[in-house]
Amino acid sequence: MIRQAKPDFIEVGQGQKVILFHSTAAGARQWRSLMNTLADRYHLIAINLYGYGQTVAWDDSRPQSLADQAKLMVPFLPKNGDAVSIVGHSFGGSVAMKAAALFKDQVDRLVLIEPNPFYLLRQHERSEAYQEAVNLRDVIMEKGRTKSWGIAAEVFANYWTGEGSWDAMPDDRKSKFTKNLEPNFHEWDGVMNEEISLAEWEISLPKATTVISAADTVRSIREICALMKQNIPNWKHEQINRGGHMAALTKPDLINPIVANALT
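The opening position of the sequence shown corresponds to residue 1 in the UniProt record's numbering, with each subsequent residue numbered one higher.
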């Protein structure tokens, strides 16, 4: 039986709490630029999800859910009932959605950067975009079972950051990236098996929800963000022209001001 983990985290600043959920293979340190930008206004807490930093790895006793990851923020909820804001990128965006729904009475603002709840593509019959996610999931499952993580990492990197990006990566970076990808084996359960509809998300999540995307992102994410805009137009939908799926890390000069404005 899996017990509630004690999450590893980094924090900085003072003020209202802002919980940060990172993307796959990144870890809490992906938020350093944003944390430096906002530390004079907020108390920022970047949580390492299962298998990252010093947070325990997930085991194989049962499938992982988005709720399992979301509950890692429980220790950081103010005991006096004060509200927090949540920011999540990619897989962390899906976790952020679940966290904001679970703890809705204490969440007033939500910022989703290229969130990846792939199951929404299945629900809305976006079959080609969904198949992209299925294909990537299948590679991670197959290569993960045989511990062929180097092959998995190459496919993963080339999908999210463009064909040839793996070959362009220095060897030491390849080694680190490959190791950091291992938690993704379990992360697919949540983003493929969740069942909450967009109509239900609209009810459960803050009215002050902002979705940030890049126009040149991968098809699966582009269609997820399009579905959100089409079905929940009352949310704020922001888009940058270039930067791709990893703009939160590679284009902080474009993403951070949008996040800062969304938290205001």
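Beta carbons are placed, not taken as given, at the ideal position from N, Cα and C, and that holds for glycine.
Return the CA-CA distance between residue i and residue j, expressed in angstroms with no decimal places.
i: Q106; j: F185; result: 31 Å
i: G88; j: M35; result: 13 Å
i: A157; j: E163; result: 8 Å
i: L49; j: L72; result: 7 Å
i: S204; j: K251; result: 30 Å
i: I221; j: K79; result: 36 Å
i: V12; j: W58; result: 27 Å
i: I86; j: S23; result: 14 Å
i: G144; j: L120; result: 25 Å
i: A226; j: W166; result: 28 Å
i: S90; j: L77; result: 22 Å
i: I19; j: T55; result: 16 Å
i: D253; j: P75; result: 31 Å
i: P206; j: F118; result: 21 Å
i: G243; j: I258; result: 14 Å
i: H124; j: M97; result: 18 Å
i: A46; j: R29; result: 8 Å
i: W31; j: D172; result: 21 Å
i: T210; j: A260; result: 11 Å
i: V155; j: T146; result: 15 Å
i: N256; j: D8; result: 23 Å
i: A100; j: W235; result: 14 Å
i: I2; j: G150; result: Only weak support exists for where I2 lies, its pLDDT of 44 falling under 50; the coordinates are left without a value.
i: K229; j: I113; result: 13 Å
i: Y130; j: I196; result: 16 Å
i: T264; j: S148; result: 44 Å
Along the alpha helix (DSSP H) that carries residue i, what are the first and last residues, could you check?
i: S204; result: 198 to 204
i: Q123; result: 119 to 123
i: K174; result: 171 to 181
i: I258; result: 252 to 263
i: F103; result: Note, F103: premise wrong, no alpha helix (DSSP H); not H, not E.
i: K236; result: Element bounds for K236: not the alpha helix (DSSP H) but the beta strand (DSSP E), 236 to 240.
Are the Cβ atoms of residue i and residue j separated by less than 7 Å?
i: V95; j: F177; result: no
i: Q239; j: A215; result: yes
i: L249; j: A25; result: no
i: V111; j: A262; result: yes
i: R122; j: E223; result: no
i: R219; j: E132; result: yes
i: A152; j: V134; result: no
i: N241; j: L198; result: no
Within the continuous beta strand (DSSP E) that includes residue i, where are the two ends?
i: G190; result: That residue, G190, is in no beta strand (DSSP E); its alpha helix (DSSP H) goes 184 to 193.
i: T209; result: 209 to 214
i: G17; result: Looking at the sequence provided, one finds Lys at residue 17 rather than Gly. From DSSP, the beta strand (DSSP E) with K17 extends over 16 to 21.
i: L112; result: 107 to 113
i: Y52; result: No beta strand (DSSP E) holds Y52; DSSP gives it neither H nor E.
i: G88; result: 84 to 89
i: V74; result: That residue, V74, is in no beta strand (DSSP E); it is neither H nor E in DSSP.
i: E11; result: 9 to 12
Use the C-beta contact count for residue i: other C-beta atoms within 10 angstroms, 16 or more gives buried, fewer gives exposed.
i: K17; result: buried
i: I212; result: buried
i: M141; result: exposed
i: A168; result: exposed
i: A247; result: buried
i: T217; result: buried
i: D82; result: exposed
i: Q69; result: buried
i: P170; result: exposed
i: G51; result: buried
i: residue 274; result: No statement about residue 274 is possible, as the shown extent of the chain runs from 1 to 264 and does not include it.
i: G15; result: exposed
Counting only beta-carbon separations shorter than 7 Å, does residue i have a partner in chain B?
i: I47; result: Of the protein chains in the structure, only one exists, and it is not chain B.
Measure how close the beta-carbons of residue i and residue j come, nearest whole angstrom, since I'm counting them as under 8 Å.
i: P115; j: G93; result: 3 Å
i: E194; j: L66; result: 6 Å
i: P188; j: R137; result: According to the sequence displayed, residue 188 carries Trp and not Pro. Their Cβ separation, rounded to whole angstroms, is 5 Å, which keeps W188 and R137 in contact under 8 Å.
i: W160; j: H245; result: 5 Å
Could you check if residue i belongs to the surroundings of the ligand GTP, using beta carbon to heavy atom distance under 6 Å?
i: D189; result: Among the components of this structure there are no ligands whatsoever, and the ligand GTP is therefore not found.
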